[in-house]
Amino acid sequence: MKRLGIVVSHPIQYQVPLYQLLTKRGKVDLRVYYLTDHGVNDSYDPGFGQAFKYDIPLLEGYSFEFVKNVSPKPSPSTFLGSINPNLIRIIKKSSLDCVLVHGWSSMSSWIVLTTARSSGIPYFIRGEARPDTQHVSPLKLKVKHALIKPLVRSASACLSIGEENKKFYLEYGASLSRIYDAPYSIDTERFGIAGEKGRANRSSLLSGIGLNSDRFTLLFAAKFQEWKRPLDVVRAVDKLGGKINLVMIGDGPLYRIAKEMESSRPWLKLLGFVNQSEIGEWYGASDVFVLPSDNEPWGLAVNEAVAAGAVPIVSDSVGCANDLKSFGLGWVFETANIDSLAQTIDRAYIAKDLDVQKEALVKFSKAFGVEATATGIESAVEDFVK
14 MKRLGIVVSH PIQYQVPLYQ LLTKRGKVDL RVYYLTDHGV NDSYDPGFGQ
64 AFKYDIPLLE GYSFEFVKNV SPKPSPSTFL GSINPNLIRI IKKSSLDCVL
114 VHGWSSMSSW IVLTTARSSG IPYFIRGEAR PDTQHVSPLK LKVKHALIKP
164 LVRSASACLS IGEENKKFYL EYGASLSRIY DAPYSIDTER FGIAGEKGRA
214 NRSSLLSGIG LNSDRFTLLF AAKFQEWKRP LDVVRAVDKL GGKINLVMIG
264 DGPLYRIAKE MESSRPWLKL LGFVNQSEIG EWYGASDVFV LPSDNEPWGL
314 AVNEAVAAGA VPIVSDSVGC ANDLKSFGLG WVFETANIDS LAQTIDRAYI
364 AKDLDVQKEA LVKFSKAFGV EATATGIESA VEDFVK
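The sequence shown begins at 14 in the numbering used here and counts up one residue at a time.
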(Lines of atoms letter the chains of each structure in order from A and count residues from 1; the text may use other names and numbers.)
(Lines give C-alpha, C1' and ligand atoms only; values in the text may rest on other atoms or scores of the structure.)
Protein backbone atom coordinates (compact mmCIF):
# COMPACT_ATOMS: atom_id res chain seq x y z
CA MET A 1 0.00 0.00 0.00
CA LYS A 2 1.38 3.41 -0.98
CA ARG A 3 2.05 5.88 1.82
CA LEU A 4 0.40 9.25 1.27
CA GLY A 5 1.16 12.29 3.39
CA ILE A 6 -1.27 15.21 3.33
CA VAL A 7 -0.02 18.57 4.60
CA VAL A 8 -2.73 21.03 5.61
CA SER A 9 -2.95 24.19 7.69
CA HIS A 10 -5.21 22.87 10.47
CA PRO A 11 -8.05 20.42 11.14
CA ILE A 12 -10.84 21.64 8.85
CA GLN A 13 -14.39 20.42 9.39
CA TYR A 14 -14.92 19.97 5.65
CA GLN A 15 -11.81 17.85 5.09
CA VAL A 16 -11.79 15.54 8.10
CA PRO A 17 -14.54 13.28 6.63
CA LEU A 18 -12.31 12.84 3.56
CA TYR A 19 -9.38 11.68 5.69
CA GLN A 20 -11.64 9.30 7.57
CA LEU A 21 -12.99 7.85 4.33
CA LEU A 22 -9.53 7.43 2.76
CA THR A 23 -8.44 5.58 5.89
CA LYS A 24 -11.55 3.40 5.92
CA ARG A 25 -11.24 2.46 2.24
CA GLY A 26 -7.63 1.42 2.78
CA LYS A 27 -6.34 2.03 -0.75
CA VAL A 28 -3.64 4.37 0.58
CA ASP A 29 -1.74 4.44 3.86
CA LEU A 30 -2.64 7.94 4.99
CA ARG A 31 -1.00 10.28 7.46
CA VAL A 32 -2.11 13.91 7.83
CA TYR A 33 0.35 16.58 8.96
CA TYR A 34 -1.15 19.69 10.55
CA LEU A 35 0.74 22.97 10.61
CA THR A 36 -1.37 24.58 13.38
CA ASP A 37 -4.01 23.44 15.87
CA HIS A 38 -6.47 26.19 14.97
CA GLY A 39 -10.07 25.17 15.72
CA VAL A 40 -9.19 22.16 17.89
CA ASN A 41 -9.16 24.23 21.05
CA ASP A 42 -10.77 27.64 21.45
CA SER A 43 -9.14 29.68 18.69
CA TYR A 44 -9.72 33.31 17.77
CA ASP A 45 -11.04 33.76 14.25
CA PRO A 46 -10.85 37.37 13.01
CA GLY A 47 -13.55 36.65 10.42
CA PHE A 48 -16.06 35.67 13.11
CA GLY A 49 -14.63 38.20 15.56
CA GLN A 50 -14.59 35.65 18.39
CA ALA A 51 -12.88 32.55 19.73
CA PHE A 52 -14.53 29.21 19.02
CA LYS A 53 -13.95 25.50 18.51
CA TYR A 54 -15.93 23.16 16.30
CA ASP A 55 -18.35 20.88 18.13
CA ILE A 56 -17.78 17.82 15.93
CA PRO A 57 -14.83 15.39 16.28
CA LEU A 58 -11.90 16.54 14.16
CA LEU A 59 -9.19 14.11 15.28
CA GLU A 60 -10.82 10.71 15.03
CA GLY A 61 -10.69 7.92 12.46
CA TYR A 62 -7.36 8.67 10.76
CA SER A 63 -3.65 9.04 11.50
CA PHE A 64 -2.34 12.56 12.06
CA GLU A 65 0.48 14.59 13.54
CA PHE A 66 0.76 18.21 14.65
CA VAL A 67 4.12 19.41 13.36
CA LYS A 68 5.93 21.88 15.61
CA ASN A 69 5.21 25.43 14.47
CA VAL A 70 7.92 27.97 15.33
CA SER A 71 6.05 31.00 13.97
CA PRO A 72 5.97 33.87 16.49
CA LYS A 73 2.36 34.46 15.44
CA PRO A 74 0.82 31.07 14.59
CA SER A 75 -2.07 31.34 12.16
CA PRO A 76 -3.57 29.16 9.42
CA SER A 77 -4.33 32.20 7.27
CA THR A 78 -1.04 34.12 6.96
CA PHE A 79 2.13 33.22 5.05
CA LEU A 80 4.35 33.43 8.14
CA GLY A 81 1.74 31.90 10.45
CA SER A 82 2.99 28.38 9.63
CA ILE A 83 6.74 27.87 9.90
CA ASN A 84 7.36 24.15 10.48
CA PRO A 85 11.00 23.28 9.70
CA ASN A 86 10.56 19.70 10.97
CA LEU A 87 8.67 19.02 7.76
CA ILE A 88 12.01 18.63 5.99
CA ARG A 89 12.90 15.67 8.22
CA ILE A 90 9.39 14.24 7.95
CA ILE A 91 9.39 14.32 4.14
CA LYS A 92 12.83 12.78 3.91
CA LYS A 93 12.64 10.23 6.74
CA SER A 94 9.03 9.05 6.88
CA SER A 95 9.21 6.80 3.81
CA LEU A 96 6.34 8.65 2.15
CA ASP A 97 5.63 7.55 -1.40
CA CYS A 98 3.94 10.84 -2.24
CA VAL A 99 2.75 14.01 -0.58
CA LEU A 100 -0.33 16.18 -1.14
CA VAL A 101 -0.13 19.87 -0.29
CA HIS A 102 -3.17 22.13 0.06
CA GLY A 103 -2.22 25.34 -1.69
CA TRP A 104 0.94 27.40 -1.45
CA SER A 105 -0.08 30.27 0.80
CA SER A 106 2.19 29.46 3.76
CA MET A 107 5.94 29.21 4.19
CA SER A 108 5.56 25.57 5.23
CA SER A 109 3.74 24.72 2.01
CA TRP A 110 6.83 25.82 0.13
CA ILE A 111 9.07 23.91 2.54
CA VAL A 112 7.18 20.72 1.69
CA LEU A 113 7.03 21.34 -2.04
CA THR A 114 10.72 22.20 -2.41
CA THR A 115 11.78 19.30 -0.17
CA ALA A 116 9.64 16.81 -2.10
CA ARG A 117 10.91 18.10 -5.42
CA SER A 118 14.58 17.97 -4.39
CA SER A 119 14.10 14.49 -2.89
CA GLY A 120 12.38 13.06 -5.95
CA ILE A 121 9.14 12.39 -4.07
CA PRO A 122 6.00 12.83 -6.20
CA TYR A 123 3.85 15.70 -5.00
CA PHE A 124 0.23 16.59 -5.70
CA ILE A 125 -1.24 20.05 -5.32
CA ARG A 126 -4.81 20.90 -4.44
CA GLY A 127 -6.01 24.43 -3.91
CA GLU A 128 -8.67 27.02 -4.68
CA ALA A 129 -6.92 29.06 -7.39
CA ARG A 130 -8.92 30.34 -10.34
CA PRO A 131 -7.81 31.82 -13.69
CA ASP A 132 -6.19 35.24 -13.57
CA THR A 133 -8.46 38.24 -13.95
CA GLN A 134 -7.97 41.66 -15.52
CA HIS A 135 -8.00 43.19 -12.03
CA VAL A 136 -4.53 41.79 -11.20
CA SER A 137 -1.66 44.21 -11.81
CA PRO A 138 0.84 43.23 -14.56
CA LEU A 139 3.73 43.16 -12.07
CA LYS A 140 1.86 40.94 -9.63
CA LEU A 141 0.86 38.65 -12.48
CA LYS A 142 4.45 38.39 -13.68
CA VAL A 143 5.68 37.44 -10.19
CA LYS A 144 2.82 34.97 -9.72
CA HIS A 145 3.54 33.23 -13.01
CA ALA A 146 7.25 33.03 -12.23
CA LEU A 147 6.57 31.36 -8.87
CA ILE A 148 3.55 29.18 -9.55
CA LYS A 149 4.04 27.92 -13.11
CA PRO A 150 7.12 25.81 -12.25
CA LEU A 151 5.25 24.47 -9.22
CA VAL A 152 2.27 23.38 -11.33
CA ARG A 153 4.38 21.96 -14.15
CA SER A 154 6.50 19.88 -11.75
CA ALA A 155 3.52 18.44 -9.86
CA SER A 156 2.84 14.79 -10.57
CA ALA A 157 -0.86 15.58 -10.38
CA CYS A 158 -3.03 18.67 -9.94
CA LEU A 159 -6.21 17.88 -8.03
CA SER A 160 -9.07 19.99 -9.34
CA ILE A 161 -11.81 21.17 -6.97
CA GLY A 162 -14.10 22.35 -9.79
CA GLU A 163 -14.35 23.86 -13.27
CA GLU A 164 -12.59 27.16 -12.52
CA ASN A 165 -9.76 25.45 -10.69
CA LYS A 166 -9.19 23.11 -13.64
CA LYS A 167 -8.95 26.12 -15.96
CA PHE A 168 -6.31 27.59 -13.64
CA TYR A 169 -4.12 24.49 -13.81
CA LEU A 170 -4.34 24.45 -17.61
CA GLU A 171 -3.50 28.17 -17.72
CA TYR A 172 -0.42 27.54 -15.57
CA GLY A 173 0.97 24.74 -17.68
CA ALA A 174 -0.52 21.46 -16.43
CA SER A 175 -1.40 18.92 -19.09
CA LEU A 176 -4.97 17.65 -19.02
CA SER A 177 -3.71 14.12 -18.34
CA ARG A 178 -2.24 15.27 -15.00
CA ILE A 179 -5.41 16.97 -13.77
CA TYR A 180 -7.61 14.78 -11.59
CA ASP A 181 -11.07 15.64 -10.32
CA ALA A 182 -10.91 15.84 -6.53
CA PRO A 183 -13.84 18.18 -5.90
CA TYR A 184 -14.28 20.37 -2.89
CA SER A 185 -16.58 18.27 -0.79
CA ILE A 186 -18.31 17.81 2.53
CA ASP A 187 -19.88 15.01 4.52
CA THR A 188 -23.07 15.01 2.46
CA GLU A 189 -24.61 12.22 4.53
CA ARG A 190 -24.37 14.20 7.77
CA PHE A 191 -25.86 17.32 6.22
CA GLY A 192 -28.53 15.28 4.45
CA ILE A 193 -29.70 13.80 7.75
CA ALA A 194 -29.59 17.21 9.45
CA GLY A 195 -31.52 18.76 6.57
CA GLU A 196 -34.30 16.20 6.86
CA LYS A 197 -34.53 16.91 10.58
CA GLY A 198 -34.66 20.64 9.90
CA ARG A 199 -37.52 20.24 7.42
CA ALA A 200 -39.43 18.10 9.88
CA ASN A 201 -38.90 20.73 12.60
CA ARG A 202 -39.30 23.78 10.34
CA SER A 203 -42.37 25.06 12.13
CA SER A 204 -40.82 24.96 15.59
CA LEU A 205 -37.44 26.29 14.42
CA LEU A 206 -38.89 29.33 12.66
CA SER A 207 -41.66 30.08 15.14
CA GLY A 208 -39.08 29.74 17.90
CA ILE A 209 -37.28 32.80 16.55
CA GLY A 210 -40.48 34.71 15.83
CA LEU A 211 -40.96 33.93 12.14
CA ASN A 212 -43.98 32.52 10.31
CA SER A 213 -42.99 29.05 9.04
CA ASP A 214 -45.52 29.30 6.19
CA ARG A 215 -43.54 32.12 4.58
CA PHE A 216 -40.82 31.54 2.00
CA THR A 217 -37.51 31.48 3.91
CA LEU A 218 -34.09 32.63 2.73
CA LEU A 219 -30.90 31.75 4.65
CA PHE A 220 -27.52 33.51 4.74
CA ALA A 221 -24.77 31.65 6.62
CA ALA A 222 -21.26 33.10 6.47
CA LYS A 223 -18.90 35.46 8.23
CA PHE A 224 -20.21 39.02 8.49
CA GLN A 225 -17.34 40.52 6.52
CA GLU A 226 -17.38 43.16 3.77
CA TRP A 227 -16.43 40.72 1.03
CA LYS A 228 -19.21 38.31 2.03
CA ARG A 229 -21.69 41.19 1.47
CA PRO A 230 -24.30 40.17 4.09
CA LEU A 231 -25.94 43.60 4.08
CA ASP A 232 -26.70 43.22 0.36
CA VAL A 233 -29.09 40.42 1.24
CA VAL A 234 -31.01 42.57 3.72
CA ARG A 235 -31.25 45.41 1.22
CA ALA A 236 -32.40 43.02 -1.52
CA VAL A 237 -35.22 41.69 0.66
CA ASP A 238 -36.10 45.32 1.48
CA LYS A 239 -36.71 45.82 -2.24
CA LEU A 240 -39.15 42.90 -2.16
CA GLY A 241 -41.17 44.60 0.55
CA GLY A 242 -40.13 42.12 3.23
CA LYS A 243 -42.51 39.47 1.86
CA ILE A 244 -40.16 36.61 2.81
CA ASN A 245 -38.29 35.48 5.91
CA LEU A 246 -34.55 36.12 6.10
CA VAL A 247 -32.50 34.14 8.61
CA MET A 248 -28.85 35.11 8.99
CA ILE A 249 -26.21 32.93 10.66
CA GLY A 250 -22.70 34.08 11.47
CA ASP A 251 -20.72 36.80 13.19
CA GLY A 252 -18.03 39.30 12.35
CA PRO A 253 -17.34 43.02 11.81
CA LEU A 254 -20.68 43.79 10.11
CA TYR A 255 -22.82 41.92 12.62
CA ARG A 256 -23.57 45.03 14.72
CA ILE A 257 -24.89 46.92 11.68
CA ALA A 258 -27.02 43.95 10.65
CA LYS A 259 -28.35 43.69 14.20
CA GLU A 260 -29.44 47.33 14.06
CA MET A 261 -31.23 46.62 10.77
CA GLU A 262 -33.01 43.68 12.40
CA SER A 263 -34.77 45.91 14.93
CA SER A 264 -36.96 47.52 12.26
CA ARG A 265 -37.54 44.43 10.13
CA PRO A 266 -39.81 41.78 11.67
CA TRP A 267 -39.00 39.37 8.84
CA LEU A 268 -35.25 39.41 9.66
CA LYS A 269 -33.67 37.27 12.39
CA LEU A 270 -29.96 37.04 13.24
CA LEU A 271 -28.80 33.92 15.08
CA GLY A 272 -25.11 34.72 15.50
CA PHE A 273 -22.53 31.94 15.24
CA VAL A 274 -24.10 28.48 14.91
CA ASN A 275 -21.80 25.48 15.19
CA GLN A 276 -21.57 22.43 12.93
CA SER A 277 -23.88 20.15 14.89
CA GLU A 278 -26.83 22.55 14.43
CA ILE A 279 -26.34 24.47 11.20
CA GLY A 280 -27.52 21.63 8.95
CA GLU A 281 -31.01 21.86 10.43
CA TRP A 282 -31.24 25.53 9.51
CA TYR A 283 -30.30 24.75 5.92
CA GLY A 284 -33.06 22.13 5.88
CA ALA A 285 -35.62 24.50 7.39
CA SER A 286 -34.93 27.06 4.66
CA ASP A 287 -36.15 27.13 1.07
CA VAL A 288 -33.19 28.93 -0.46
CA PHE A 289 -29.61 29.65 0.60
CA VAL A 290 -27.78 32.77 -0.63
CA LEU A 291 -24.03 33.44 -0.89
CA PRO A 292 -23.44 36.95 -2.30
CA SER A 293 -19.64 37.19 -1.86
CA ASP A 294 -17.54 39.35 -4.16
CA ASN A 295 -14.45 37.11 -3.79
CA GLU A 296 -15.19 33.49 -2.97
CA PRO A 297 -12.74 30.86 -4.29
CA TRP A 298 -15.36 28.10 -4.00
CA GLY A 299 -18.08 28.41 -1.33
CA LEU A 300 -18.33 25.18 0.67
CA ALA A 301 -21.38 26.52 2.49
CA VAL A 302 -23.13 25.94 -0.85
CA ASN A 303 -22.24 22.24 -0.64
CA GLU A 304 -23.67 22.12 2.87
CA ALA A 305 -26.88 23.87 1.87
CA VAL A 306 -27.40 21.67 -1.19
CA ALA A 307 -26.78 18.46 0.76
CA ALA A 308 -29.34 19.61 3.33
CA GLY A 309 -31.89 20.40 0.62
CA ALA A 310 -31.76 24.20 0.22
CA VAL A 311 -31.58 25.57 -3.33
CA PRO A 312 -28.60 27.96 -3.78
CA ILE A 313 -28.43 31.52 -5.05
CA VAL A 314 -24.85 32.71 -5.56
CA SER A 315 -23.09 35.73 -7.04
CA ASP A 316 -21.10 35.27 -10.23
CA SER A 317 -17.93 35.80 -8.15
CA VAL A 318 -18.49 32.58 -6.20
CA GLY A 319 -16.15 29.85 -7.43
CA CYS A 320 -18.77 27.14 -7.71
CA ALA A 321 -21.16 29.26 -9.81
CA ASN A 322 -20.25 27.62 -13.13
CA ASP A 323 -20.43 24.14 -11.57
CA LEU A 324 -23.94 24.92 -10.33
CA LYS A 325 -24.92 26.07 -13.82
CA SER A 326 -23.63 22.85 -15.34
CA PHE A 327 -26.01 20.94 -13.06
CA GLY A 328 -28.90 23.30 -13.78
CA LEU A 329 -29.04 24.03 -10.07
CA GLY A 330 -30.12 27.26 -8.41
CA TRP A 331 -29.55 30.79 -9.68
CA VAL A 332 -26.57 33.10 -10.28
CA PHE A 333 -26.76 36.91 -10.06
CA GLU A 334 -24.43 39.82 -10.79
CA THR A 335 -22.00 40.51 -7.94
CA ALA A 336 -22.70 43.61 -5.82
CA ASN A 337 -25.87 44.38 -7.82
CA ILE A 338 -28.62 44.53 -5.23
CA ASP A 339 -31.31 44.88 -7.87
CA SER A 340 -30.03 41.72 -9.59
CA LEU A 341 -29.99 39.90 -6.24
CA ALA A 342 -33.53 41.05 -5.41
CA GLN A 343 -34.81 39.94 -8.83
CA THR A 344 -33.13 36.55 -8.43
CA ILE A 345 -34.60 36.00 -4.96
CA ASP A 346 -37.99 36.98 -6.38
CA ARG A 347 -37.59 34.40 -9.16
CA ALA A 348 -37.07 31.75 -6.52
CA TYR A 349 -40.03 33.07 -4.53
CA ILE A 350 -42.32 33.04 -7.58
CA ALA A 351 -41.21 29.49 -8.41
CA LYS A 352 -42.51 28.46 -4.97
CA ASP A 353 -42.38 24.75 -5.71
CA LEU A 354 -38.67 24.00 -5.65
CA ASP A 355 -39.22 20.25 -5.92
CA VAL A 356 -38.23 20.48 -9.58
CA GLN A 357 -34.66 21.07 -8.36
CA LYS A 358 -34.55 17.96 -6.19
CA GLU A 359 -32.87 15.82 -8.83
CA ALA A 360 -30.20 18.46 -9.43
CA LEU A 361 -29.63 18.77 -5.66
CA VAL A 362 -28.99 15.04 -5.40
CA LYS A 363 -26.72 14.91 -8.45
CA PHE A 364 -24.62 17.86 -7.29
CA SER A 365 -24.20 16.42 -3.80
CA LYS A 366 -23.05 13.11 -5.23
CA ALA A 367 -20.57 14.76 -7.59
CA PHE A 368 -19.19 16.95 -4.79
CA GLY A 369 -19.20 14.42 -1.96
CA VAL A 370 -16.19 12.99 -0.16
CA GLU A 371 -16.47 9.70 -2.11
CA ALA A 372 -15.73 11.54 -5.37
CA THR A 373 -12.79 13.37 -3.80
CA ALA A 374 -11.32 10.19 -2.32
CA THR A 375 -11.57 8.46 -5.70
CA GLY A 376 -9.68 11.29 -7.41
CA ILE A 377 -6.86 11.22 -4.86
CA GLU A 378 -6.60 7.42 -4.95
CA SER A 379 -6.48 7.45 -8.76
CA ALA A 380 -3.63 9.99 -8.75
CA VAL A 381 -1.65 7.87 -6.28
CA GLU A 382 -2.22 4.72 -8.32
CA ASP A 383 -1.17 6.38 -11.60
CA PHE A 384 1.86 8.36 -10.48
CA VAL A 385 3.42 6.43 -7.60
CA LYS A 386 5.40 3.41 -8.76
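The beta carbon of each residue, even a glycine, is placed where N, CA and C say it ideally should be.
Taking 8 angstroms as the upper bound for CB-CB distance, cysteine 333 and glycine 175 are in contact here, some 6 angstroms apart. Sequence-distant Cβ neighbours of arginine 166 in its own chain, meaning closer than 8 angstroms and more than five residues away, are Tyr185, Gly186 and Ala187. The DSSP-derived three-state label of phenylalanine 381 is coil. One Cα belongs to arginine 102, the other to aspartate 42, and the distance between them is close to 19 angstroms.
In this model, lysine 180 and leucine 224 are separated by some 43 angstroms (Cα to Cα). Taking a C-beta distance under 9 angstroms as the contact criterion, valine 315 and valine 301 do not qualify as a contact pair. By the neighbour-count criterion, in which 16 or more other beta carbons inside 10 Å mark a residue as buried, proline 24 falls on the buried side. Assignment of valine 156 by DSSP, reduced to helix, strand and coil, places it in the helix class. For methionine 261, the uninterrupted beta strand (DSSP E) run begins and ends at 258-262, by DSSP. Following the DSSP letters along the chain, one finds tryptophan 344 inside the beta strand (DSSP E) bounded by residues 344-346. In this chain, the alpha helix (DSSP H) harbouring glutamate 291 covers 289-298. The residue among Ile69, Lys37, Pro98 and Met14 with its C-alpha nearest the C-alpha of tyrosine 47 is Pro98. Shown here, serine 173 sits in a strand according to DSSP, grouped into three states. Counting along the chain, the unbroken beta strand (DSSP E) around aspartate 42 starts and ends at 42-47. The beta-bridge partner set that DSSP reports for valine 324 consists of Val301. Collapsing the DSSP output to three states places lysine 399 in coil. Classified as exposed, isoleucine 69 has fewer than 16 neighbouring CB atoms from the shown chains inside 10 Å of its CB. About 16 angstroms separates the CB atoms of serine 173 and valine 383; that is not less than 8 angstroms, and the two are not in contact. Taking 9 angstroms as the cut-off, the Cβ atoms of phenylalanine 77 and threonine 49 do not count as close. Boundaries around phenylalanine 204 are those of the alpha helix (DSSP H), 201-213, since no beta strand (DSSP E) includes it. Linking leucine 259 to tyrosine 362 through their CA atoms gives a straight-line distance of about 12 angstroms.
The beta carbon of glutamate 275 sits closer than 6 angstroms to those of Leu281 and Leu283, all from its chain and outside the five residues before and after it, given in chain order.
In the structure shown, tyrosine 197 falls within a coil segment according to DSSP collapsed to helix, strand and coil.
Between valine 303 and isoleucine 270, the C-beta spacing is not below 9 angstroms. Residue pairing of cysteine 111 in beta bridges, as defined by DSSP: Leu17. The residues Leu253, in chain order, have a CB closer than 7 angstroms to that of aspartate 359 in the same chain once the five nearest residues on each side in sequence are set aside. Minimum Cα-Cα distance from aspartate 200 among the listed residues Val29, Glu372 and Leu374 corresponds to Val29.
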